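Working notes, structure below.
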Amino acid sequence: MKYSLRSSFSRYVLTLFVAVFALTIVGRVVSLSNAAEFCKGWPLCIPSAPLGWIKLAHLSLVGVASLLMIVVFRKAWREQREHRVLLPLTTILTVMFFGQALVGAQLARQPQAQGLATLHDLTTIALWVSLVLLVYASGVLIKGEGFVVKFGYRQRAKDFFTLTKPLIVGLLLITTYGGLVVGMKAWPPFSLTMWTLIGGALASGGSGALNQYIDRQIDRQMKRTSKRPLADGRLTDAEGLAFGLGLSLTSYYVFACFVNELAALLSLAGIIYYVIVYSVWLKKVTVQNIVIGGGAGAIPPMVGYVAATGHLDWTAWILFAIIFMWTPPHFWALAIVRIRDYDNAGVPMMPVVRGEAETRRLILIYTIELAVVSLLLSVLHLAGMFYLISAIVLNGALIYAAWMVWKVGGNKLAWRMYKWSSSYLVFIFVALMIDAVL
Numbered sequence: 041m042k043y044s045l046r047s048s049f050s051r052y053v054l055t056l057f058v059a060v061f062a063l064t065i066v067g068r069v070v071s072l073s074n075a076a077e078f079c080k081g082w083p084l085c086i087p088s089a090p091l092g093w094i095k096l097a098h099l100s101l102v103g104v105a106s107l108l109m110i111v112v113f114r115k116a117w118r119e120q121r122e123h124r125v126l127l128p129l130t131t132i133l134t135v136m137f138f139g140q141a142l143v144g145a146q147l148a149r150q151p152q153a154q155g156l157a158t159l160h161d162l163t164t165i166a167l168w169v170s171l172v173l174l175v176y177a178s179g180v181l182i183k184g185e186g187f188v189v190k191f192g193y194r195q196r197a198k199d200f201f202t203l204t205k206p207l208i209v210g211l212l213l214i215t216t217y218g219g220l221v222v223g224m225k226a227w228p229p230f231s232l233t234m235w236t237l238i239g240g241a242l243a244s245g246g247s248g249a250l251n252q253y254i255d256r257q258i259d260r261q262m263k264r265t266s267k268r269p270l271a272d273g274r275l276t277d278a279e280g281l282a283f284g285l286g287l288s289l290t291s292y293y294v295f296a297c298f299v300n301e302l303a304a305l306l307s308l309a310g311i312i313y314y315v316i317v318y319s320v321w322l323k324k325v326t327v328q329n330i331v332i333g334g335g336a337g338a339i340p341p342m343v344g345y346v347a348a349t350g351h352l353d354w355t356a357w358i359l360f361a362i363i364f365m366w367t368p369p370h371f372w373a374l375a376i377v378r379i380r381d382y383d384n385a386g387v388p389m390m391p392v393v394r395g396e397a398e399t400r401r402l403i404l405i406y407t408i409e410l411a412v413v414s415l416l417l418s419v420l421h422l423a424g425m426f427y428l429i430s431a432i433v434l435n436g437a438l439i440y441a442a443w444m445v446w447k448v449g450g451n452k453l454a455w456r457m458y459k460w461s462s463s464y465l466v467f468i469f470v471a472l473m474i475d476a477v478l
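If you want our numbering, it's the 1-based position in the sequence shown plus 40.
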């Protein structure tokens, strides 16, 4: 394939490459010559010696490269919205470019943070690999100017918001905050709360967008999901992929820079679990998809707990186990109601493969197991009396709902179980938070 610079996008990408290369060289000179000591200030400085001009040149190149990065990012989203290589690659490159700047700023404040130093080095390598790939791809895959499509920004904003699965994000943020409060044993500081929830929202939203990208063909075959932005064609496949990757990668930098490294790694593990293990692999090949895949949704409270404590212990693992056991009866109740959708889409959900009667029996069994797991916090003296009483009441109501699903059957009771199990998760974590601060 012949390389060409016929498009303005490829020319801007090549210019960006030159600017970043110059920025890297001058930055290395600043580091080796200690030029920063002769030009203090940000974003600009006044040189106090000849070496200070090198630092000033470095700051100027940072500004030029940043502006070029923004231009390339904007052109990609305007002209390459159909391209499943260029748009995601540009988005990842942009996040890493500004992520590296953020990590560098944090390192200046915390020079002993070895984890941040490692992240900075890894980002540098990944950024250069991505930039070289983008230079090559933009010259090979584009033969002319991109076509700019006019669209309504309000509808697009709504579609991108929908792509994050906001209701699920909200539920996961409640469990994340619950883990944060339980770990802190008090209402956490505003700054820690804000960054933990922002990171959690980005991670959950990015995972949801990637899930919809992977499931876009299945979604078109299901009545419940056929109007999703990617399934309905309101957003392109490339936009869904780029948006999901961008949010997920941004979440890692937020956690690493403003929370802690273990929270960042746990959040990344949750994204990989949900996107790769569940969405790509388990969902379409096994009736145990929801059972095993439930681990992805069980990670957010651990992230919150680690954000507060910096470590994992029995409390964190029991919080994980509560959501892990909660997931199957919750989603199996929905699967009973939507059994025809899943059957048409070829997704091996429990009621499709083993029938409604067996699914109703398993809903009751898993609900009882959930109740036992939730009480471990009190048995091991990790929670107080308020939580114990609340858990007994909530579990009793949930077991009764599951028993009705098993004994009576029907979509109405299954739908009620689905909605009540969502409320149960909120109430059990609210009880945990109140108990922790009492």
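Here a beta-carbon is modelled for each residue, glycine too, at the ideal position from N, C-alpha and C.
Just so we're clear, the structure is a prediction, and the values are computed from it rather than from any experiment.
Using a Cβ-Cβ distance cut-off of 8 angstroms, the segment 157-173 and the segment 307-326 are not in contact, since fewer than three pairs of beta carbons, one from each stretch, lie closer than that value. Taking C-alpha positions only, LEU308 is separated from LEU84 by approximately 35 angstroms. Not a single unbroken stretch of the beta strand (DSSP E) spanning 3 or more residues falls wholly within the segment 435-467.
Taking C-beta atoms as the reference points, ILE94 and VAL70 count as a pair closer than 8 angstroms.
DSSP assignment within the segment 66-122 yields the following whole alpha helix (DSSP H) runs of 4 residues or more, N-terminal first: 92-119.
If you ignore the 5 residues before and after ILE238, its C-beta comes within less than 7 angstroms of the C-beta of VAL294, all in its own chain and listed in chain order. In this structure, the beta-carbon distance from ALA278 to ARG121 falls below 8 angstroms.
Rounded to whole angstroms, MET109 and ALA347 show a C-alpha spacing of 32 angstroms. It is roughly 20 angstroms from the alpha-carbon of SER414 to the alpha-carbon of ARG401. Counting along the chain, PRO128 sits inside the alpha helix (DSSP H) bounded by residues 126-149.
Going by C-alpha positions, THR202 is about 52 angstroms away from LEU91.
The three-state reading of DSSP puts LYS323 in helix, counting H, G and I together. Under the criterion of beta carbons closer than 8 angstroms, ALA282 and THR131 qualify as touching, at roughly 4 angstroms.
Counting only unbroken stretches of 3 or more residues, no beta strand (DSSP E) element lies wholly within the segment 201-244. For ILE316, no alpha helix (DSSP H) run applies, since DSSP gives it neither H nor E.
Each residue's CA atom was taken as its position, placing ALA243 and PHE371 some 21 angstroms apart. The distance from the Cβ of LEU126 to that of LEU167 is about 17 angstroms, inconsistent with a contact at the 8 angstroms cut-off. Counting C-beta atoms within 10 angstroms of its own C-beta, ILE86 has fewer than 16 neighbours from the protein chains shown and is therefore classed as exposed. Distances from the CA of ARG194 to each of ARG274, TRP354, SER463, ASN74 were compared; the closest alpha carbon is that of ARG274. As the crow flies, the alpha-carbon of TYR382 is around 7 angstroms from that of MET262. Within its own chain, the residues whose Cβ lies closer than 6 angstroms to the Cβ of LEU250, once the five positions on either side in sequence are excluded, are GLY284, VAL315, listed in chain order.
In the structure shown, MET425 adopts helical secondary structure according to DSSP, grouped into three states. Within 10 angstroms of the beta-carbon of SER463 lie fewer than 16 other beta-carbons, which makes it exposed. Closest option to ILE339, judged by alpha-carbon separation, among LEU171, LEU220, ARG51: LEU220. For the segment 251-332, not one full-length beta strand (DSSP E) segment reaches 3 residues or more. Contact between the segment 289-303 and the segment 321-337 is absent: fewer than three C-beta pairs spanning the two stretches fall below 8 angstroms. For SER47, no alpha helix (DSSP H) run applies, since DSSP gives it neither H nor E. In this structure, the straight-line span from the alpha carbon of GLY450 to that of PHE467 is close to 26 angstroms.
Comparing C-alpha distances from ARG256 to each of PHE137, ALA442, SER319 shows the shortest one belongs to SER319. Across the structure, CYS79 and SER88 are spaced so that their CA atoms are roughly 6 angstroms apart. Under the criterion of beta carbons closer than 8 angstroms, SER461 and LEU428 do not qualify as touching, at roughly 21 angstroms.
The beta carbons of ALA411 and LEU417 sit no closer together than 8 angstroms.
When the beta-carbon positions are compared, PRO368 and VAL393 stay at least 8 angstroms from each other. Taking each of SER231, VAL470, ALA177 in turn and checking the Cα distance to LEU129, the smallest one comes out for ALA177. Proximity to SER48 across SER106, LYS115, ALA97 peaks at LYS115, based on C-alpha coordinates. Here PHE469 carries a helix assignment [DSSP, helix/strand/coil].
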